[in-house]
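So the sequence shown is numbered by numbering that gives the first Met the number 0: it starts at 0 and just counts up by one. Working notes, beginning with the structure itself.
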Amino acid sequence: MPPIPFTNTLQFARQLDAQDQLRSYRERFHLPAQKNGEPFLYFTGNSLGLQPQSTRDYVMTELDDWAKFGVEGHFHARNPWMPYHEFLTESVSRLVGAQAGEAVVMGSLTNNLHLLMVSFYRPTATRYKILMEADAFPSDHYAMDSQAKFHGFDPKDAVIKMKPREGEYTVRTEDILDMIAREGDSIATIMFGGMNYYTGQLFEMEKIVQAGHAKGCIVGFDLAHAVGNVPLKLHDWGVDFAAWCHYKYCNAGPGSVAGLFVHERFAQDTDRPRFAGWWGHDKERRFLMESEFRPIAGAESWQLSNAPILSMASLRASLAIFDEVGMEALRAKSLKLTAYLEYLLADVYEQVPIQVITPSEPAQRGAQLSLLTLKDGKALFNKLMEQGVITDWREPNVIRMAPVPLYNSYEDVWRFVQILIS
Ligand SMILES: *Cc1c(COP(=O)(O)O)cnc(C)c1O
Numbered sequence: 000m001p002p003i004p005f006t007n008t009l010q011f012a013r014q015l016d017a018q019d020q021l022r023s024y025r026e027r028f029h030l031p032a033q034k035n036g037e038p039f040l041y042f043t044g045n046s047l048g049l050q051p052q053s054t055r056d057y058v059m060t061e062l063d064d065w066a067k068f069g070v071e072g073h074f075h076a077r078n079p080w081m082p083y084h085e086f087l088t089e090s091v092s093r094l095v096g097a098q099a100g101e102a103v104v105m106g107s108l109t110n111n112l113h114l115l116m117v118s119f120y121r122p123t124a125t126r127y128k129i130l131m132e133a134d135a136f137p138s139d140h141y142a143m144d145s146q147a148k149f150h151g152f153d154p155k156d157a158v159i160k161m162k163p164r165e166g167e168y169t170v171r172t173e174d175i176l177d178m179i180a181r182e183g184d185s186i187a188t189i190m191f192g193g194m195n196y197y198t199g200q201l202f203e204m205e206k207i208v209q210a211g212h213a214k215g216c217i218v219g220f221d222l223a224h225a226v227g228n229v230p231l232k233l234h235d236w237g238v239d240f241a242a243w244c245h246y247k248y249c250n251a252g253p254g255s256v257a258g259l260f261v262h263e264r265f266a267q268d269t270d271r272p273r274f275a276g277w278w279g280h281d282k283e284r285r286f287l288m289e290s291e292f293r294p295i296a297g298a299e300s301w302q303l304s305n306a307p308i309l310s311m312a313s314l315r316a317s318l319a320i321f322d323e324v325g326m327e328a329l330r331a332k333s334l335k336l337t338a339y340l341e342y343l344l345a346d347v348y349e350q351v352p353i354q355v356i357t358p359s360e361p362a363q364r365g366a367q368l369s370l371l372t373l374k375d376g377k378a379l380f381n382k383l384m385e386q387g388v389i390t391d392w393r394e395p396n397v398i399r400m401a402p403v404p405l406y407n408s409y410e411d412v413w414r415f416v417q418i419l420i421s
């Protein structure tokens with residue numbers, strides 16, 4: 000992308016909004032309001048995405064059908080609950096780049112990670128390690144450490160946690176590839192975030208997969224911060240497995256149902272160890288109440304329980320918007336919006352003691368910039384909050400903020416920087 004000639008004025012920000020083909024989508028979301036009735040400047044769509052106006056109808060439809068049909072709703076609801084999760088599969092597959100049978104909406108993120116590790120972390124005496132990022136999300140540390148322990152290993156030895164180089168904030172791809180080349184023979188499973196939640200670094204997943212496979216490792220990703228944020232091609236990249244949530248960039252609501260990907264090369268691998276449940280059983284035979292498990296071919300076989308319909312209804316409302324916009328258009332706006340924020344911040348470095356630790360290379364980031372505060376960070380964060388700006392504070396000293404292309408405007412970003420220097 001050639002450098003965009005930006006200007007640091009409100010007029011220019013408004014001009015960018017006027018040219019933005021996605022600008023009308025903002026009106027399709029509920030923007031949280033301050034006490035004075037003005038909307039907050041909301042930059043935490045990476046933590047909890049905003050509610051689409053359409054969500055209420057989707058959820059009400061299911062509540063009404065439950066009231067009307069009771070248990071018969073499994074077959075007679077307008078959107079029958081028996082196959083309900085299937086109504087989401089195509090849209091989600093588009094978001095993650097999955098082929099038929101590779102993705103399913105189910106469970107919750109950490110649960111899904113555990114289920115996948117049960118199947119895809121099969122340590123032996125010599126190949127028993129897990130490779131992950133050192134500054135991964137806490138739940139991922141707990142999950143990976145406990146998986147190692149579950150198999151009788153000491154996480155201090157079995158879980159390699161990759162740190163950035165001294166004095167750097169993000170992990171260089173070359174260092175990840177070197178690590179895999181050096182340690183790969185002892186690594187059973189590589190489990191990285193697709194995008195690091197703290198720094199906003201988008202990892203070069205395809206290269207990690209290739210390096211991992213060359214060494215005989217299984218390679219999976221936690222896509223919590225990548226899905227709905229950047230285009231993904233899990234199938235083409237050859238990713239073995241992945242899990243993600245939908246309440247961040249996918250706007251499905253607090254704690255809503257998550258997703259899981261298993262590459263088609265494992266679709267028929269029915270002998271692979273797993274923790275099974277009845278929703279993963281051959282659909283034709285599910286109600287024969289057999290005691291022997293016969294897995295569905297593909298990702299759906301990892302399902303345990305019948306589907307959380309209300310949560311899925313809310314996800315459906317949001318996915319309809321993603322289907323309409325498409326990740327390509329979304330990413331194009333996102334690149335420009337984040338670049339504008341970066342440009343405006345560079346203009347005020349003299350005035351505010353902050354440093355962006357997210358990679359400046361657009362291909363290595365999504366909608367988030369993480370601002371390392373060099374002095375009185377918490378006070379700066381509190382000032383933002385008092386002035387109607389919602390960002391996210393991460394101990395010890397980082398403000399994360401995400402201009403989300405579906406509902407943030409160039410004017411939002413310009414106003415944010417004005418408040419930052421006020
Ligand atoms: C948000 C997030 C989680 C949260 O896990 P839940 O099981 O949904 O509570 C886990 N891992 C990463 C990387 C995240 O960004």
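Cβ coordinates follow ideal geometry from the N, Cα and C atoms, glycine included. Note that the structure is predicted; figures quoted are calculated from it, not measured.
Under the rule that 16 or more other beta-carbon atoms within 10 Å means buried, what is residue i, buried or exposed?
| i | result |
| --- | --- |
| Ser333 | buried |
| Arg181 | exposed |
| Phe202 | buried |
| Thr8 | exposed |
| Asn45 | buried |
| Lys128 | buried |
| Phe274 | exposed |
| Met190 | buried |
| Leu343 | buried |
| Val70 | exposed |
| Asp64 | buried |
| Gly48 | buried |
| Gly376 | buried |
CB residue i to CB residue j, shorter than 8 Å?
| i | j | result |
| --- | --- | --- |
| Asp239 | Gly193 | no |
| Ala157 | Ala147 | yes |
| Val347 | Leu419 | yes |
| Leu368 | Thr390 | no |
| Gly252 | Thr109 | no |
| Glu263 | Gly100 | yes |
| Ala306 | Val261 | no |
| Cys216 | Leu314 | no |
| Gly254 | Glu37 | no |
| Val208 | Gly183 | no |
| Met161 | Ala187 | no |
| Ala223 | Phe321 | no |
| Tyr406 | Asp16 | no |
| Ala312 | Glu85 | no |
| Asn111 | Ala242 | yes |
| Gly279 | Pro294 | yes |
| Pro395 | Met326 | no |
| Leu40 | Asp268 | no |
| Leu21 | Val324 | yes |
| Leu373 | Ile353 | yes |
Whose C-alpha, out of the options, is nearest the C-alpha of residue i?
| i | options | result |
| --- | --- | --- |
| Val397 | Arg414, Gln417, Asp411 and Thr357 | Thr357 |
| Val103 | Thr172, Ala257 and Ala210 | Ala257 |
| Ser118 | Trp301, Val347 and Glu26 | Trp301 |
| Val416 | His140, Tyr339 and Pro4 | Tyr339 |
| Tyr120 | Glu132, Asp144, Leu108 and Met288 | Asp144 |
| Met178 | Thr169, Asn111, Ile159 and Tyr168 | Ile159 |
| Gly435 | Asp19, Val355, Gly215 and Ala275 | Residue 435 is absent from the model: the chain starts at 0 and stops at 421. |
| Leu176 | Glu165, Asp139, Val218 and Tyr168 | Val218 |
| Asn228 | Phe5, Ala401, Leu30 and Pro38 | Ala401 |
| Ser317 | Thr125, Val91, Gly151 and Met384 | Val91 |
| Val351 | Ala366, Gly365, Lys335 and Leu383 | Leu383 |
| His482 | Ala225, Arg93 and His150 | Any question about residue 482 goes unanswered here, given that the chain covers just 0 to 421. |
| Ser23 | Gly211, Phe152, Asn35 and Gln52 | Gln52 |
| Met131 | Arg399, Gly211 and Asn381 | Gly211 |
| Asn195 | Val226, Leu329, Gln18 and Glu283 | Val226 |
| Pro122 | Leu115, Lys247 and Ser185 | Ser185 |
| His113 | His75, Arg27 and Phe149 | Phe149 |
| Met204 | Pro404, Ala362, Glu327 and Thr43 | Ala362 |
| Arg393 | Trp413, Glu385, Leu370 and Pro404 | Leu370 |
| Pro154 | Gly166, His140 and Arg164 | His140 |
| Leu30 | Arg171, Leu21, Gln20 and Phe42 | Phe42 |
| Trp413 | Ala345, Leu373, Thr372 and Phe380 | Ala345 |
| Gln50 | Ser290, Glu26 and Lys206 | Glu26 |
Does residue i come out as helix, strand or coil in the three-state DSSP assignment?
| i | result |
| --- | --- |
| His75 | helix |
| Lys377 | helix |
| Val103 | strand |
| Glu341 | helix |
| Gln354 | strand |
| Ala296 | coil |
| Thr88 | helix |
| Leu259 | strand |
| Leu47 | coil |
Is there a Cβ from chain D that is less than 8 Å from the Cβ of residue i?
| i | result |
| --- | --- |
| Ala187 | The question asks about chain D, but that chain is absent: this structure has only one protein chain. |
For this session: Go through the residues and name those whose CB comes closer than 6 Å to any heavy atom of ligand 1, in chain order.
Result: Ser107, Leu108, Thr109, Phe136, Ser138, Asp139, Gly192, Tyr196, Asp221, Ala223, His224 and Cys244
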